[in-house]
Amino acid sequence: MKTLASSMLILNGKLANDPILRDTIHQFRERGFDLHVRVTWEFGDAERFVNEAHSLKIENVIAGGGDGTLNEVVNGIFKLEEKSRPILGILPLGTANDFATAAGIPDALNNALMLAINGRPRQIDLVQVNRGRCFINMASGGFGTKVTNDTPETMKATFGGVSYLIHGILRLDKLSPDHCEIRSGDFIWEGDALIVGIGNGRQAGGGQLLCPGALINDGMLNLRIFTGESLVPTLLSTLARSEDEEHMIEASGSWFEIRAEHTMTFNLDGEPISGNQFSLVVKPGAVFCRLPPDCPLLK
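Note that the UniProt record's numbering gives residue 57 to position 57 of the sequence shown, counting from 1, and the numbers run on in steps of one.
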């Protein structure tokens, strides 16, 4: 008989009292699954729980929350010695769940948890920024990032992922591009960027498909820039998911460097980082993640 792998669910504290989630976990335990639960309270808790799982030799570490919770768990795993990193599982419970949605993680709680515990592990890339934090999904900058950071929690709770679109339309009067230089190998671009997406994954900001061709196991990043020559039309066409080639620049590479004379903010899986210089480098096959067999992000 196959021995069931031990798992630790690292759960965003906002979800601790969800009765359906509690009942689901109870049902899995009754079926014989060794499932530990840890609840985060503040930044740093997720990494501490990952270290605890490592010390207990727990095989699966499951990120239960949104893209921000996933990012914290991924960074905790990445800091461990490569040969002893636990397998990543994903239980999408946040507002946008951009990575989970693009990866085809099931919406149904039972199915998602079963996949996170017992799905086939696949080796996937991470991306390290300025030799520090990593992201699994997307680094997004420009107006879209400002919208994501400023969207009120009450709006997100009411409207979910579409709240970013609603708030973006309300913020059109604050619209301004970022002048920057972006390079990778033979690719060099300088200009006014309204939206910048550098994707290991494909979407950000509650479903905006910024890098539709990105794969998470090809050792490459996809870049898409929406330029700021015509601000409002560019924003509206972007939000409508149209292929506005007139205002769009695309490239790919295993690394990118971004420089600006002023401070820019990028969201790394929804977690903001600010500065005027960014270095992004792919870390091929950095973690194993339990994903659906037909995951569209795999080559």
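Where a beta carbon is used, it is the ideal one built from N, C-alpha and C, also for glycine.
Query raised in the report: Among the residues of its own chain, which have a CB less than 8 Å from the CB of L170, if the five just before and after it don't count?
Result: The predicted model places L170 with a pLDDT of 47, which falls under 50 and marks its position as unreliable; any figure quoted below should be read in that light. Same-chain partners within the cutoff: there are none.
Requested in this report: Compare the C-alpha of E183 against each of L194, P177, S176 and I198 and name the closest.
Outcome: According to the sequence shown, residue 183 is Arg rather than Glu. Looking at the Cα atoms, I198 is the closest of the given residues.
Query raised in the report: Along the chain, where does the beta strand (DSSP E) that runs through R38 open and close?
Result: L35 to V39
Query - Residue burial classification, P19 (beta-carbon count within 10 angstroms, cutoff 16) - result: exposed
Query - Local conformation of R22 per DSSP, three classes - result: helix
Report task. Could you have a look at A260 and say whether DSSP puts it in helix, strand or coil? Result -> strand
Requested in this report: Starting from residue 302, follow the alpha helix (DSSP H) in both directions and report where the run begins and ends.
Outcome: Lying outside 1 to 299, the shown extent of the chain, residue 302 is not represented and no answer is given.
Query raised in the report: Which value, in whole angstroms, describes the spacing of the CA atoms of A251 and T227?
Result: 14 Å
Query raised in the report: Looking at the structure shown, is K83 part of a helix, part of a strand, or coil, going by DSSP?
Result: helix
Query raised in the report: In angstroms, rounded to a whole number, what distance separates the CA positions of F187 and G270?
Result: 26 Å
**Report entry** Spatial distance of L91 from A116 (CA atoms)
**Finding:** 7 Å
**Report entry** Distance, F288 Cα to A204 Cα
**Finding:** 22 Å
Requested in this report: Would you mind reading off the limits of the alpha helix (DSSP H) that contains F43?
Outcome: Neither: F43 is in no alpha helix (DSSP H) and is coded neither H nor E.
**Report entry** Cutoff 6 Å; reference E190; Cβ partners in own chain excluding five residues on either side
**Finding:** E181
Query - Per DSSP, the bridge partner or partners of V282 - result: V127
Requested in this report: May I have the straight-line CA-CA distance separating G201 from S7, to the nearest angstrom?
Outcome: 25 Å
Query raised in the report: Residue range of the beta strand (DSSP E) that E190 falls in?
Result: F187 to G199
Query raised in the report: From L9 to F43, what distance separates their C-alpha atoms?
Result: 16 Å
Query raised in the report: For G13, which of helix, strand or coil comes out of DSSP?
Result: helix
Query raised in the report: Who does I182 pair with in a DSSP beta bridge?
Result: W189 and I258
Report task. Find the nearest neighbour of L298 within the set A53, G32 and A214, judged by alpha-carbon distance. Result -> A214
Query raised in the report: What first and last residue would you give for the beta strand (DSSP E) that runs through E250?
Result: M248 to G253
Requested in this report: Evaluate P86 with the Cβ neighbour count: other Cβ atoms within 10 Å of its Cβ, from every protein chain shown; 16 or more gives buried, anything less gives exposed.
Outcome: buried
Query raised in the report: Hey, how far is the Cα of L35 from the Cα of R290?
Result: 16 Å
Report task. Give the DSSP-derived three-state secondary structure of S176 in the structure shown. Result -> coil
Report task. Check each candidate in N75, G89, W41 and E72 and name the one with the smallest Cα separation from I58. Result -> G89
**Report entry** Distance CB(L11)-CB(V37) smaller than 8 Å
**Finding:** yes
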